Amino acid sequence: MQEEIINRVTNSKLKTFDLEEIYPEGKRVVFDVKDWLFQELILKEKDFRESVQNHDWSQYKNSFVAISCSVDAIIPSWAFMLVASELIPFANKVVIGDLELLETVLYQELIGFLDLKEFINAPVIIKGCANKPIPNSAYVFLIEKLQPVARSIMFGEACSTVPLYKIKK
2 MQEEIINRVT NSKLKTFDLE EIYPEGKRVV FDVKDWLFQE LILKEKDFRE SVQNHDWSQY
62 KNSFVAISCS VDAIIPSWAF MLVASELIPF ANKVVIGDLE LLETVLYQEL IGFLDLKEFI
122 NAPVIIKGCA NKPIPNSAYV FLIEKLQPVA RSIMFGEACS TVPLYKIKK
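Residue 170 is where the sequence shown ends in the numbering used here, and the numbering goes up by one at each step.
Here it is, written out as structure tokens:
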């Protein structure tokens, strides 16, 4: 007689947290100010302000924008702030930096607002293997948020996890 196969993972109290599930959908854009520099090297205030004024900022509607400068030029802080002030009414989020910093900031904010009631005193698996650009720092933000409430935290998939944290008795 054949025994019924029981899925112990499904029947367990294990809770899985997948960072991809909270990934904010939307276009990611790097806004490079180098094109508005004289010879891609020097910021001339009058020309820079004119470029800012004449740019179509509406194209960044509902986008996540990282403002950067890809050339070795000295850019004053006010220039990044000026660009940001024009982007803010349209973009979902604006940072000064690269796309990894943008994703880091997004996840830091999202994880900060998480309601973790379902994870209280539970064994938790933080799912690995992401198809979306989840920065390593997001995993640290998540463990920092989960550790005070979870009984244990593991990383990976239910079939093969790496233990990270367990309440000491």
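C-beta: ideal position from N, C-alpha, C; glycine also.
Since this is a predicted model, take the numbers as computed values, not measurements.
- Task: Classify L15 as helix, strand or coil using the three-state DSSP reduction.
- Result: Working through the sequence shown from its first residue, we reach residue 15 at position 14. Three-state result, L15: coil.
- Message: Within the continuous beta strand (DSSP E) that includes D36, where are the two ends?
- Response: Here residue 36 is taken as the residue at index 35 of the sequence shown, counted from 1. Note, D36: premise wrong, no beta strand (DSSP E); not H, not E.
- When the distance is taken between beta carbons, is S78 closer than 9 Å to V34? Within the sequence shown, residue 34 is the residue found at index 33, counting from 1. Within the sequence shown, residue 78 is the residue found at index 77, counting from 1. The answer is no: Cβ separation not under 9 Å.
- Message: Suppose only complete runs of 3+ residues qualify. What are the beta strand (DSSP E) ranges in the region 82-138, listed by chain order?
- Response: Every beta strand (DSSP E) of 3 residues or more that sits fully in the region 82-138 is shown, in chain order, as 94-97 and 124-128.
- Message: Just to check my reading of the structure: L111 and V150 have Cβ atoms closer than 8 Å, yes? What is that Cβ distance to the nearest angstrom?
- Response: As a working note, residue 111 is residue 110 in the sequence shown. As a working note, residue 150 is residue 149 in the sequence shown. Not a contact, Cβ separation roughly 17 Å.
- Query: What does a CB cutoff of less than 6 Å around P134 pick up in its chain, not counting 5 residues either side in sequence?
  - Reply: Here the question's residue 134 lines up with position 133 in the sequence shown. The residues are E104.
- Message: So the candidates are D73, L20, Q54 and K14; which of them puts its Cα closest to the Cα of N137?
- Response: For the purposes of this step, residue 137 is taken as residue 136 along the sequence shown, with counting starting at 1. Checked all of D73, L20, Q54 and K14; the closest Cα to N137 is L20.
- Do the CB positions of F142 and Y166 come within less than 9 Å of each other? On the sequence shown, residue 142 is found 141 positions in, with the first residue counted as 1. On the sequence shown, residue 166 is found 165 positions in, with the first residue counted as 1. No Cβ-Cβ contact shorter than 9 Å links F142 with Y166.
- Item | Which of helix, strand or coil DSSP assigns to V10 | Numbered from 1 along the sequence shown, position 9 holds the residue referred to as residue 10. Caution applies to V10, whose pLDDT of 46 falls short of 50 and renders its modelled position unreliable; the model cannot decide the point.
- Item | alpha helix (DSSP H) segment containing V53, residue limits | On the sequence shown, residue 53 is found 52 positions in, with the first residue counted as 1. Membership of V53 in the alpha helix (DSSP H) is indicated by the continuous run E46 to N55.
- Query: Since V30 and V66 are thought to touch, with beta carbons under 8 Å apart, how far apart are those beta carbons, to the nearest angstrom?
  - Reply: For the purposes of this step, residue 30 is taken as the residue at position 29 of the sequence shown. For the purposes of this step, residue 66 is taken as the residue at position 65 of the sequence shown. Right, their Cβ atoms sit about 5 Å apart.
- Message: Can you look up Y140 in the DSSP assignment and give me helix, strand or coil?
- Response: Mapped onto the sequence shown, residue 140 falls at position 139. It is helical.
- Message: In whole angstroms, give me the CA-to-CA distance for E87 and K14.
- Response: In the sequence shown, counting from the first residue as 1, residue 87 sits at position 86. In the sequence shown, counting from the first residue as 1, residue 14 sits at position 13. Whole-angstrom Cα-Cα distance: 48 Å.
- Message: Within 10 Å of its beta-carbon, does V96 have 16 or more other beta-carbons around it, so buried, or fewer, so exposed?
- Response: Start at 1 with the first residue of the sequence shown, and residue 96 comes out as number 95. Per the 10 Å Cβ criterion, buried.
- Query: What whole-angstrom Cβ distance do W37 and S52 have, given they're in contact under 8 Å?
  - Reply: Working through the sequence shown from its first residue, we reach residue 37 at position 36. Working through the sequence shown from its first residue, we reach residue 52 at position 51. Contact between W37 and S52 holds, since their C-beta atoms are separated by about 4 Å, short of 8 Å.
- So who's on the other strand from A67, going by DSSP bridges? Position 66 of the sequence shown, counted from the start, is the residue given in the question as residue 67. DSSP output for A67 lists V31 and V96 as bridge partner(s).
- Beta-bridge partners of E158, as assigned by DSSP: Translated into positions along the sequence shown, residue 158 becomes position 157. Paired residue(s): S161.
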